[in-house]
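Engineer: Chains as they are written, first to last, in this note's numbering: chain A, 1 to 267; chain B, 1001 to 1267.
2 protein chains.
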Amino acid sequence: MNERYVHGYDPRENARLQDQAGTLVDLLHSDTSYPAGSVVLEAGCGVGAQTVTLAQRSPGARFMSIDISPDSIAQAKRRTDAAGLTNVQFRQADIFALPFDAESFDHVFACFVLEHLSRPVAALAILKGLLKPGGTITMIEGDHGSAYFHPASDDAQRAIHCLIELQQAAGGNALIGRQLYPLMVEAGFDAVHVSPRMVYVDSSKPALVEGFTKKTFTAMIEGVRESALAAGIVEPKAFDAGIRDLYRTAGTDGVFCYSFFKATGLG
Amino acid sequence: MNERYVHGYDPRENARLQDQAGTLVDLLHSDTSYPAGSVVLEAGCGVGAQTVTLAQRSPGARFMSIDISPDSIAQAKRRTDAAGLTNVQFRQADIFALPFDAESFDHVFACFVLEHLSRPVAALAILKGLLKPGGTITMIEGDHGSAYFHPASDDAQRAIHCLIELQQAAGGNALIGRQLYPLMVEAGFDAVHVSPRMVYVDSSKPALVEGFTKKTFTAMIEGVRESALAAGIVEPKAFDAGIRDLYRTAGTDGVFCYSFFKATGLG
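#1: Determine the chain A residues that contact A1145/B at a beta-carbon separation under 9 Å, and present them in chain order.
#2: Give every residue of the same chain whose Cβ lies closer than 6 Å to the Cβ of L1175/B, excluding the five residues on either side of it in the sequence, and list them in chain order.
#3: Please determine, among A43/A, G48/A, R57/A and V47/A, the residue with the shortest C-alpha to C-alpha distance to Y34/A.
#4: Run the CB neighbour count on S227/A, radius 10 Å, all protein chains shown included, and call it buried at 16 or more, exposed below.
#5: Can you tell me whether G267/A is helix, strand or coil according to DSSP?
#6: Report yes or no: is there a C-beta of chain A within less than 9 Å of the C-beta of R1178/B?
#7: How would you label R197/A, buried or exposed, when you count the other beta carbons within 10 angstroms and need 16 or more for buried?
#8: Provide the residue span of the alpha helix (DSSP H) that contains Q1056/B, from first to last.
#9: Anything in the stretch 1054-1075 of chain B with a Cβ closer than 9 Å to a Cβ of chain A? List those residues in chain order, please.
#10: Which two residues bound the contiguous alpha helix (DSSP H) that contains R1158/B?
#11: Along the alpha helix (DSSP H) that carries K1128/B, what are the first and last residues, could you check?
#12: Would you identify the three-state DSSP class for E222/A, choosing helix, strand or coil?
#13: Which of helix, strand or coil does DSSP assign to A21/A?
#14: Under DSSP, the beta strand (DSSP E) around S268/A begins and ends at which residues?
#15: Since D1253/B meets chain A, which of its residues come closer than 7 Å, beta carbon to beta carbon?
#16: Indicate whether at least one CB of chain A lies closer than 9 Å to the CB of L1266/B.
#17: Would you check if the distance between the CB atom of I1066/B and the CB atom of A1043/B is smaller than 9 Å?
#18: Compute the Euclidean distance between the alpha carbons of T1053/B and H1029/B, then round it to the nearest angstrom.
#19: For A1238/B, which residues in the same chain have their Cβ closer than 7 Å to its Cβ, ignoring the five residues on either side in sequence?
#20: In chain order, what residues of the stretch 236-247 of chain A put their CB closer than 9 Å to some CB of chain B?
#21: Which class does L1085/B belong to by DSSP, given the choice of helix, strand or coil?
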């Protein structure tokens, strides 16, 4: 896999991923649980932000969680150990060269993974081949083009676009959420169903103002500042104005909207 | 009221409003009903696209539906008569000069009205004054900046932006959906609660592809072609390319997203 991970691997980024997972757990995961005895592949577990939730919600299922980064795997393992989970096994592996036999899994789950891959349909087809007959796949992705807010700001949209461009340059696709339906159909899944999960934040929801608008979304955009400047796609002043305007949407009269997309299909 | 109604009053536009109301009834209205005996002001009923639904869902409530246009009122009356409704009374009136005493209504309802007003907070404050103590207000608005789709298209976004600009030039605000929370707080309502109503359309939902992507949204944008050209804000070729790209999102691998916002508050 030749993609770089656009968000990097530093500790601040990991804190962001954990805040995000905490705030969004119900919205994204409340309708995912697997029957006792089933074997589930989590493809691209990263630092385990979703793994703990997944495994806790399906205590009778067994999870095989893989990631390409050994460091991320080590952190994910620490998190599931800290949570006292015994139904998760980790393995370092590339999604395009998985060490599993065909039809080894009852279900496959992946969250915020396809957005980083240059060949998402090929990855989906590989995952499909790992499913037993009747098995399901569940994919969750964001879509950075779904962000809009009040006060509206061209500078803020420009700063967001820096991440979209960097992710594209790294071989990924930050607008993949809206594309899950056609991608999964193209990969051959049946009964594909996509449901949007819109995060709406106004100042009557202070936990989301902090946990999502500021610490998840704006922090994520802020996190690509150096890369965006190094790539020459934005001037420092314009980028910083955009970040200020994103924080401005967390004010008393501000509003922030973003959508995730959750897709399920039959293998 | 010195605003022009950006969508005009021609028959094709009325057909569009009725298609829209049919497709979106459940999404927008399923959680609105009023107790028997209550008296409800519908402010800005237009051609009655929402009036029939409102009155059918609350058969024991009495509705006073007002609009500034006598022609629209006449059409709305024909529709409620055709539906056999007897709990709706119509009256031609300007929202900024309403012929009602203070605290005359138990509830106020308005749908797709604030977007056309240059002083939305003033209108909300007037409506607040008409509510009895403990009465509620319900406002529903779209937000044309919430539209995104696959395949993405700058031409399509440009065509959408023509409607946003025309509505602004006419004194309105096509991005008002996201602003309902701060506007209602500013107008003095208590317990303001906003819930987004996202319309997600892929080709597994053919009724929405036809009823929303094509006949509601794209038809609405197409409907401002002559005004946009007359205003000199777009070239014919660019506008037509945008419309083609919007129809393209109704294809087998296309996806279309749009959000409405529904706000409630206490007077």
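Backbone N, C-alpha and C define an ideal beta-carbon position, used for all residues, glycine too.
Structural biologist: A quick look at the data gives this:
#1: According to the sequence shown, residue 1145/B is Gly rather than Ala. Residues of chain A passing the Cβ test: Y148 and A152.
#2: D1143 and G1145
#3: R57/A
#4: buried
#5: coil
#6: yes
#7: buried
#8: T1051 to R1057
#9: none
#10: D1154 to A1169
#11: P1120 to L1130
#12: helix
#13: At A21/A the pLDDT is 48, less than 50, meaning the model places this residue with poor confidence; the figure from the coordinates comes in the next sentence. Of the three classes helix, strand and coil, the one that applies to A21/A here is helix, per DSSP.
#14: There is no way to answer for residue 268/A, as the model of chain A reaches only from 1 to 267.
#15: P182
#16: no
#17: yes
#18: 8 Å
#19: D1155 and R1158
#20: none
#21: coil
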